[in-house]
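Below is one structure, written out as C-alpha cells; comments come after it.
There are 2 protein chains.
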Amino acid sequence: MAEATARDAGRDARSLRLEALRNAIEQAHLDGLLLTGLANIRYLTGFSGTSALLFVSQRDTLFLTDFRYETQAAEEVGELAQVHIEAQSLWSRLWALLPTLSGLEVLGFESAHIEHRDFQRLLEAGTRWQWRPTVDLVETLREQKDAGELALIRRAADAACDALEATVPQLHAGMSELAVAGVLERCLREAGSEGFPFPTIVASGERSALPHARSSSRELRRGDFLLLDFGAEVSGYCSDITRTFVIGRASDEQREIYEIVREANRLAASSVRAGMKGRDADALARDYIERCGHGPLFGHSLGHGIGLEVHEAPRLARTAEGVLPLDSVVTIEPGIYRPGWGGVRVEDDVHLAARGPQLLTRFPRELIELG
Amino acid sequence: MAEATARDAGRDARSLRLEALRNAIEQAHLDGLLLTGLANIRYLTGFSGTSALLFVSQRDTLFLTDFRYETQAAEEVGELAQVHIEAQSLWSRLWALLPTLSGLEVLGFESAHIEHRDFQRLLEAGTRWQWRPTVDLVETLREQKDAGELALIRRAADAACDALEATVPQLHAGMSELAVAGVLERCLREAGSEGFPFPTIVASGERSALPHARSSSRELRRGDFLLLDFGAEVSGYCSDITRTFVIGRASDEQREIYEIVREANRLAASSVRAGMKGRDADALARDYIERCGHGPLFGHSLGHGIGLEVHEAPRLARTAEGVLPLDSVVTIEPGIYRPGWGGVRVEDDVHLAARGPQLLTRFPRELIELG
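Protein chains in written order, with this note's numbering: chain A, 1 to 371; chain B, 1001 to 1371.
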C-alpha cells in the first residue's frame, strides 16, 4: 500500500512537471521537444534505465525504450506517456511515430544532451520538421525541488552521514585508501544507498591537496590529512559530502588550516539564501578565506546544485550571475589545498528553504583525530 | 624504479598509438583530428582525468586540461604532448592555439563524442578550418590490445575473481541485495579495484530475470537465484563477470536452465576465435540455447569488447558483421530469462590470442548452492 501511494504521489508530481515543460515549450515557440538527456527523462517520467527517448508536445507524450526495459518502463512510466518498446533502433521507431502526430512544424532538441552523430539523424531522417537547439529547458525546472524530491535528497544525505558514522571507528593508520573506500562504500550500501553518484574520493597525506583525486593504494600514516568525498543515492537522488580528518594528532598548522575552512563552511552554510546570486553565495566563503590569506589556495568554486545529478544547476561560483532559486539544494564546499603538503575540504548539502538555509548533512564539522 | 619503468613502457606504447592514429588521420585525408572522447584521450596520452581536449596532426600533439589537473597531467601525459593548463575555458584556449599551427585546412572531429552544443563551437569559432565528422578512428585501434593492456585486463579479471571468492562465504538468506553489493564492493576494493566500471548488479529471485536490474532492498530467500554481475578496474582497464548462484538447494528446473547456460558459455568461450565474424561468435551460444528450446528467452547479444571502457568494440551479436580482431578481449555472456520466475547468466572475459581463446576470469562455473 505504502509503495503504491508513493508511486501515485510520484506520478502526480511528474504530471505537474510535464505541464510546466509544456508551458516552457510554448514560450520557446516550439511545437514539441525531443528529449535525449536521461536525467531529464527520469525527472519527467520516472524512468531509471539507460536507454530512452521522450517526445513532448501540447497534445502528446511519447516514451521509447528498448526491450530490456519492458517490465521496468511499465512500472515506472505507467500511464504518464504513450510507452513504446522497441527491439531494434529507438530512432527508427521515432521516425515512424512522429509523422502520425499532427500540428508539428518547429521542434526543439536538447543541444547539451545529443551527440553530433545523433544530431545528424535529425537533419537526415527528420527533414520534414524544423529543428531548433534548446538549452536547459528541463534543467531550469529541476532547480526547484518539490516536497517528494526534498524528502529523497534528505534520505540520501542521512544515508551518507550514517555510513560515515559507521566508517570512522574502523579507520586507522596502515590502511590503504582503497581499503578505506571499501569500508565506506559497504557502509553506504548498509545505509540503503542504491549506488555511488560519483567515484569515491579517499585522499590522504599530500594527495589530499588534489581536489579530484580518486582512491589509491597509498597507506594512511600518522600525521596525514584524510579527505573523504562521497555521496549516497536514494531513488535516483544524490547527496554529496566531504569531511577531512587527521590520522593521529593534528599539528598546529593542520588545525589552523582546518579551522579556516570550517569557519568558511559555517559562514556560507548559515548565510546562503534563495534569491542570492551564485557569485555572492560563493563570496560568503571565499572572502573569508582570502582575508585569512589563503585565497589562491581555494582554486575551485564554492558549490553546485544536487538532485537527480550530483552536479546540476545552480552554480555557486565567482562567475555565476544566476540567482539561487527557492527550494534548490546546493553544496557548500570550501577548501584550502597546499600542493605537496595537503588539503582540507568541508562540504555540506543545504536546502534553500523560504525560512532560510536548512543543513541536510548532519555529520559533525569539528576536527576529528582518528586512531 | 619499477613504477618509473612501467611508466616508460606505457609512454612507449602510447607513442606507437599516436603514430598509428597519425596514419589513420592521413588515410582519412585529414590534416588533423580534434579528440573529445575521454577514453580515447586516455588511450593516446594516459590522462585519467575528466576534462581534456586533444589535437593531433602529423606534426603536433596538443593536450589541454584545466587547472585542477595540473599535477596529474604532468605525471600522466609528460612529454607525449604539448600540455596546456587552462584556468577558464578549454575551448577558448584551443581557438588561441590552433591558428599558430601551420598547414591545417581540413580537420576531423569525433562525431560520437561531441555534444551538439560543442559541435556548434566548431562552426562558430572554428570557421577558418573545414570540419569533417569521423567515427571510430581511435576505437578501431583500441580493439587490438597490446601486452601492457592485456596485463592490466588480466589484473582486473583477477581482482574480480578474488573479490567473488571472498564474497561467496559471506552470503546467506535474509541479506538484502544492497547488503550483498556492499560485501562484494568492499572485497573488490580489498582486491585492489580502483573503481566500479558499471553499477553492480545484484538480482535475486524473480529480479534475476531482469537483464539490467541494479540492486534493491529485496532480501534473499531460500530457493532464489542470485545473479551477480560486476567488474573491477585496474589502471583504467575493466573486467566484467557474471555468476548465478542458488540460495539453498536448486530445484531440478533451476539446475536444468543453469546447465544449458553454462554449456552455452563453455561452447562459445572455447570456440570463439580471432577472425570470426561477431555474428558467428554470437551463434556459438545462441544456436545451442535455441536447440534447447529457450531461444526467445535469450534476448540480448552474446558479448562485447572490454578495455578502457566496459562496453567497446567489437560486438558479438546477431547483427554484427565485423570481424573479431586478434588480441581483442571480449565477454561471453549467454543468459536465459523467464519473466516472473528468474534468470541465469554466466559471463566470462576471453582474450582472443593467436593460440586460441584464453579465459581471463577463472572463477568456477559449476552451479554453487549457497548457505
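Ideal Cβ positions, reconstructed from N, Cα and C, are used throughout, including at glycine.
Can you check whether the C-beta of residue i is within less than 8 Å of a C-beta belonging to chain B?
| i | result |
| --- | --- |
| THR134(A) | no |
| MET1(A) | In this predicted model, MET1(A) has a pLDDT of only 42, less than 50, meaning its place in the structure is not dependable enough to derive any value. |
| HIS451(A) | Since the displayed chain A opens at 1 and closes at 371, residue 451(A) lies outside it and no answer follows. |
| TYR237(A) | no |
| ALA222(A) | According to the sequence as given, residue 222(A) is Arg; it is not Ala. It does not; no Cβ of chain B falls within 8 Å. |
| THR167(A) | no |
| PHE119(A) | yes |
| ILE306(A) | no |
| THR71(A) | yes |
| HIS294(A) | no |
| ARG186(A) | yes |
| LEU210(A) | yes |
| HIS116(A) | yes |
Where does residue i sit, in a helix, a strand or coil, going by DSSP?
| i | result |
| --- | --- |
| TRP131(A) | strand |
| LEU1044(B) | helix |
| SER204(A) | strand |
| ARG1318(B) | coil |
| MET1001(B) | Interpretation of MET1001(B) is limited by its pLDDT of 43, a score under 50 that renders its predicted location unreliable; the figure taken from the coordinates is listed afterwards. Three-state DSSP puts MET1001(B) in coil, outside helix and strand. |
| ALA354(A) | coil |
| ASP349(A) | strand |
| HIS294(A) | coil |
| THR1361(B) | coil |
| THR1140(B) | helix |
| GLY10(A) | helix |
| HIS29(A) | coil |
| LEU16(A) | helix |
| LEU370(A) | strand |
| LEU38(A) | helix |
| ALA1313(B) | strand |
| HIS116(A) | helix |
Take residue i as the anchor and find which of the options has the nearest alpha-carbon.
| i | options | result |
| --- | --- | --- |
| ASP1066(B) | ILE1085(B), VAL1077(B), GLU1263(B), GLY1343(B) | ILE1085(B) |
| ASP1327(B) | SER1092(B), ALA1020(B), ALA1147(B), PHE1119(B) | ALA1147(B) |
| TYR1069(B) | SER1048(B), LEU1062(B), ARG1059(B) | SER1048(B) |
| ASP1162(B) | LEU1352(B), THR1061(B), LEU1184(B), MET1175(B) | LEU1184(B) |
| ARG1262(B) | ALA1250(B), ILE1336(B), VAL1329(B) | ILE1336(B) |
| ARG1189(B) | GLU19(A), GLU177(A), ALA13(A), ILE257(A) | GLU177(A) |
| ILE257(A) | ALA166(A), GLY343(A), VAL329(A) | GLY343(A) |
| ARG1155(B) | GLY1231(B), THR1036(B), GLU1019(B) | GLY1231(B) |
| PRO99(A) | GLN88(A), TRP129(A), ALA73(A), ASP118(A) | TRP129(A) |
| ARG291(A) | ALA264(A), GLY303(A), TRP95(A) | ALA264(A) |
| ALA1181(B) | PHE1109(B), SER1215(B), ILE1289(B), PRO1133(B) | SER1215(B) |
| GLY305(A) | GLN72(A), TYR288(A), HIS113(A), ASP240(A) | ASP240(A) |
Can you tell me whether residue i is buried or exposed, with buried defined as 16 or more other CB within 10 angstroms of its CB?
| i | result |
| --- | --- |
| GLN82(A) | exposed |
| HIS29(A) | exposed |
| GLU347(A) | buried |
| HIS227(A) | A quick correction: the sequence has Leu, not His, at residue 227(A). Buried, because 16 or more other Cβ atoms sit within 10 Å of the Cβ of LEU227(A). |
| VAL56(A) | buried |
| ARG1142(B) | buried |
| HIS1172(B) | exposed |
| PRO314(A) | buried |
| PRO296(A) | exposed |
| ALA354(A) | exposed |
| VAL135(A) | exposed |
| PRO197(A) | buried |
| LEU1123(B) | exposed |
| SER270(A) | exposed |
| ASP1224(B) | buried |
| GLY195(A) | buried |
| MET1001(B) | Reliability of the predicted coordinates at MET1001(B) is poor, the pLDDT of 43 falling under 50, and the value obtained from them is presented with this limitation in mind. Classification for MET1001(B): exposed. |
| SER1301(B) | buried |
| PRO1364(B) | exposed |
| ASN23(A) | exposed |
Between residue i and chain E, is the shortest Cβ-Cβ distance under 8 Å, so that the two count as touching?
| i | result |
| --- | --- |
| SER1111(B) | Going by chain labels, chain E is absent from the structure shown, which instead holds the protein chains A and B. |
Looking at residue i and the ligand ZN, is the gap between the Cβ and the nearest heavy atom below 7 Å?
| i | result |
| --- | --- |
| LEU367(A) | Absent from the structure shown: the ligand ZN. Ligands present: none. |
Taking only beta-carbon atoms, is residue i less than 8 Å away from chain A?
| i | result |
| --- | --- |
| SER1092(B) | no |
| GLY1049(B) | yes |
| PHE1067(B) | yes |
| SER1215(B) | yes |
| ALA1274(B) | no |
Runs of 4 residues minimum, wholly inside the region 43 to 113 of chain A: which ones carry the alpha helix (DSSP H) assignment? 70 to 76, 90 to 97
Continuous beta strand (DSSP E) assignments of at least 3 residues falling wholly in the region 1205 to 1288 of chain B: As far as the region 1205 to 1288 of chain B is concerned, its whole beta strand (DSSP E) runs of at least 3 residues are 1225 to 1230, 1241 to 1247.
Can you list, in chain order, the stretches of the alpha helix (DSSP H) that have 4 or more residues and sit fully within the region 1143 to 1208 of chain B? Taking only runs of at least 4 residues, the alpha helix (DSSP H) segments lying wholly in the region 1143 to 1208 of chain B are 1147 to 1167, 1177 to 1190.
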